[in-house]
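The opening position of the sequence shown corresponds to residue 774 in our numbering, with each subsequent residue numbered one higher.
Just so you know, even glycine gets a beta-carbon here, dropped at the ideal spot from N, CA and C.
Source: prediction; values computed, not measured.
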Amino acid sequence: MARNRELVSEKRNYLVLTVAQAKEIVDNWLVEIDLANVTKLGLPEVDDRYHLWRVPLCAENGSKLGEVVIDAYTTEILPAKTTKPEILTARLLKQDETKIVEARKEKPQYKLSTLRNTIGLGDSVELLQDMPAESVDLIFTSPPYFNARPEYSEFEEYEQYLFKMRQVIKRSHRVLNEGRFFVINIAPVLLRRASRSESSRRIAVPFDLHRIFIEEGYDFIDDIIWLKPEGAGWATGRGRRFAADRNPLQYKAVPVTEYVLVYRKQTDLLIDWHIRHHPDRELVAASRVVDGYEKTNVWKINPATGSKHPAAFPKELAEKVITYYSFKGDVVLDPFAGSGTVGAAASELGRRFVLFDSNPVYVELIREAVVTWENVNFSAMMWINCKPVSPPSIPILNSLNTSKIDLADTLDAQIELTEGES
Ligand SMILES: C[S@@+](CC[C@H](N)C(=O)[O-])C[C@H]1O[C@@H](n2cnc3c(N)ncnc32)[C@H](O)[C@@H]1O
């Protein structure tokens, strides 16, 4: 009989549409972890609040062992939300699973990244995929604000935009070291009305991104307000009509703030652990924050002026975030780097940088600027899909299909080449 009711998963445009598809994904996973012959699947259920499929796992006798959680948009199995294979095994063998939980907690190692300063042209969803896991110590970025600026907006639908952001946030989670911070500068956007008979629409992007961060395995830490001078918001045109007419209901606040939202990759490690276990005590001491730091969550900073990028944020903002959320020597990633403000601040503060942007015009801005930055060892820099600025002998990784580049391999290759040349 023909089905005329649209499934929830169809309405949401999920990649995993049916119970059969969810089961197939889990079956393949069970083969990979060698538990295919000893487990049975319960009935998969879609959880459209969080865009997940939940698939119960049972033993042959029907007793519940755990569940597998699938990202309905991407088909990925979410390790943080899925019962761990070793726990499943312990339950099947009726072993004491608390020992396994304890063993997992044993002696975490402090991971020092070997990444070098990197500039990459390409879609950060692709470039992130090729980075080694847990190779970045801080992410600070300001993503495209949906269709706020037509120069770089590529999304027809808001859902499409959120999906892209989810991919970046998810892949960033893999490359970020455990317990380290992802700081994002974001604000609501105003979609201008197409005609006089329509109203303009304001979209609360930060709140939708917040939900994605939580779903993708980050803890919420802080909502910092970047406060600009009063004159800064009038360019948006908001509040002008009310200022003239003063009719109630027409009131619109002139926006002079943006959010700087702080998330931490979920972990059982206390922040203290990172400070105590850092192997270079001198770097820890040199990274101490000096007097005059921001004591509240309201940071008064003037917007950037004079940048060739239409949406650059001020270097002062990047300096504060980098100083407060990383040690000297750490690797700071900006997956939406624009003119490279994060790179300029990071190098000045003795941190390494990894900068990605998909627009060749903006990567060109970074290439022009990088020669003026401090502490940059050009002979050991990494360039992806763009020409090195100096020295000219550094090899160029010129691939149109960036997903084929393995950043870890190319790093090693580049170390060898650079060392061979000197
Ligand atoms: C708000 S701007 C960042 C400005 C930057 N903070 C600065 O100070 O110059 C966002 C940037 O994201 C880039 N972008 C948009 N989608 C991208 C993607 N999928 N991958 C990499 N970069 C992207 C745009 O080209 C734009 O330069």
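{"Item": "Measuring only between beta-carbons, confirm whether R953 sits less than 9 Å from chain B.", "Value": "Within the model displayed, chain B is absent; a lone protein chain is all it includes."}
{"Item": "Identify whether M904 lies in helix, strand or coil by the three-state DSSP scheme.", "Value": "coil"}
{"Item": "Does M1155 come out as helix, strand or coil in the three-state DSSP assignment?", "Value": "strand"}
{"Item": "Would you mind working out which of K1068, E1055, W1007, S897 sits nearest N1158, comparing C-alpha positions?", "Value": "S897"}
{"Item": "Could you check where the beta strand (DSSP E) with W755 kicks off and where it finishes?", "Value": "Because the chain in this structure spans residues 774 to 1195, residue 755 falls outside the shown range and cannot be described."}
{"Item": "Just to confirm, does S1152 get its C-beta within under 8 Å of one of the non-hydrogen atoms of ligand 1?", "Value": "no"}
{"Item": "Please state whether the Cβ-Cβ distance between T848 and L1106 is less than 9 Å.", "Value": "no"}
{"Item": "Got a sec? Which residues, its chain only, sit under 8 Å from I994 by beta carbon, not counting five neighbours each side?", "Value": "F954, V1035, Y1036, R1037"}
{"Item": "Quick check on the burial criterion: 16 or more other C-beta atoms within 10 angstroms. Buried or exposed for Q940?", "Value": "buried"}
{"Item": "Report the rounded CA-to-CA distance for R1061 versus P852, giving the unit in angstroms.", "Value": "35 Å"}
{"Item": "Considering only DSSP beta bridges, list what D1107 is partnered with.", "Value": "L1128"}
{"Item": "State yes or no: is the C-beta of K937 nearer than 8 Å to some heavy atom of ligand 1?", "Value": "yes"}
{"Item": "Rounded to whole angstroms, how far is the Cβ of L1138 from the Cβ of K1101, which I believe are closer than 8 Å?", "Value": "The Cβ separation is near 26 Å, so there is no contact."}
{"Item": "State yes or no: is the C-beta of Y1066 within less than 9 Å of the C-beta of K1088?", "Value": "no"}
{"Item": "List, from N- to C-terminal side, the alpha helix (DSSP H) runs of 4 residues or more that fit wholly inside the segment 959-1013.", "Value": "978-988"}
{"Item": "Using a Cβ-Cβ cutoff of less than 6 Å, which residues in the same chain neighbour I806 once the five nearest sequence positions on both sides are dropped?", "Value": "P858"}
{"Item": "Given a cut-off of 9 Å on the beta-carbon distance, is the pair A906 and V948 in contact?", "Value": "yes"}
{"Item": "Between E1031 and ligand 1, is there a pair consisting of the residue's CB and a ligand heavy atom that are separated by less than 8 Å?", "Value": "no"}
{"Item": "Look at the alpha carbon of L1090 and the alpha carbon of F1015, and state the distance between them as a whole number of angstroms.", "Value": "32 Å"}
{"Item": "Please find out if some non-hydrogen atom of ligand 1 comes closer than 8 Å to the beta-carbon of F955.", "Value": "no"}
{"Item": "Excluding five sequence neighbours on each side, which residues of the same chain lie with their C-beta closer than 7 Å to the C-beta of D996?", "Value": "Y1032, L1034, N1070"}
{"Item": "Take every Cβ of the segment 878-895, pair it with every Cβ of the segment 814-827, and state whether three or more of those distances are shorter than 8 Å.", "Value": "no"}
{"Item": "How far does the beta strand (DSSP E) with T847 in it extend, from its first residue to its last?", "Value": "Per DSSP, T847 belongs to no beta strand (DSSP E) and is neither H nor E."}
{"Item": "Considering only residues of the segment 1013-1044, which uninterrupted alpha helix (DSSP H) runs meet the minimum length of 4 residues and lie entirely inside it, listed in chain order?", "Value": "1013-1018"}
{"Item": "Which of helix, strand or coil does DSSP assign to I957?", "Value": "strand"}
{"Item": "For D821, collect the residues of the same chain with a Cβ closer than 7 Å to its Cβ; drop the 5 residues on either side in sequence, then sort them by chain order.", "Value": "V781, R785"}
{"Item": "With a 10 Å radius around its C-beta and 16 neighbouring C-beta atoms as the bar for buried, classify K1021 as buried or exposed.", "Value": "Reading off the sequence, residue 1021 comes out as Pro, not Lys. Exposed, by the Cβ-count rule."}
{"Item": "Does the beta carbon of Y1098 fall short of 8 Å from some heavy atom of ligand 1?", "Value": "no"}
{"Item": "Going by beta carbon distance, what residues of the same chain come within less than 6 Å of V909, once the five residues before and after it are set aside?", "Value": "V948, L949, V1104, L1106"}
{"Item": "Exposed or buried, Y1024, counting other C-beta atoms within 10 Å across all chains shown (16 or more means buried)?", "Value": "exposed"}
{"Item": "Alpha carbon to alpha carbon, what distance is there between T1078 and P1164?", "Value": "At P1164, the pLDDT of 49 sits below 50, so the modelled position is not reliable; the number obtained from the coordinates is stated separately. So the alpha carbons of these two residues sit roughly 30 Å apart."}
{"Item": "Output needed for I1095: all residues of its chain with C-beta closer than 8 Å, excluding positions within five of it in sequence on either side, in chain order.", "Value": "L911, F913, V1105, V1115, A1118, A1119, L1122, R1124"}
{"Item": "Name the two residues that bound the continuous alpha helix (DSSP H) containing D910.", "Value": "Unbroken run through D910 is the beta strand (DSSP E), 909-914; no alpha helix (DSSP H)."}
{"Item": "Which runs of the beta strand (DSSP E) fall wholly inside the segment 1083-1107 and span at least 3 residues, in chain order?", "Value": "1104-1107"}
{"Item": "Between W802, V1149, E840, which lies nearest to L816 when the distance is taken from Cα to Cα?", "Value": "E840"}
{"Item": "Around the C-beta of S973, are 16 or more other C-beta atoms found within 10 angstroms, so that it is buried, or is it exposed?", "Value": "exposed"}
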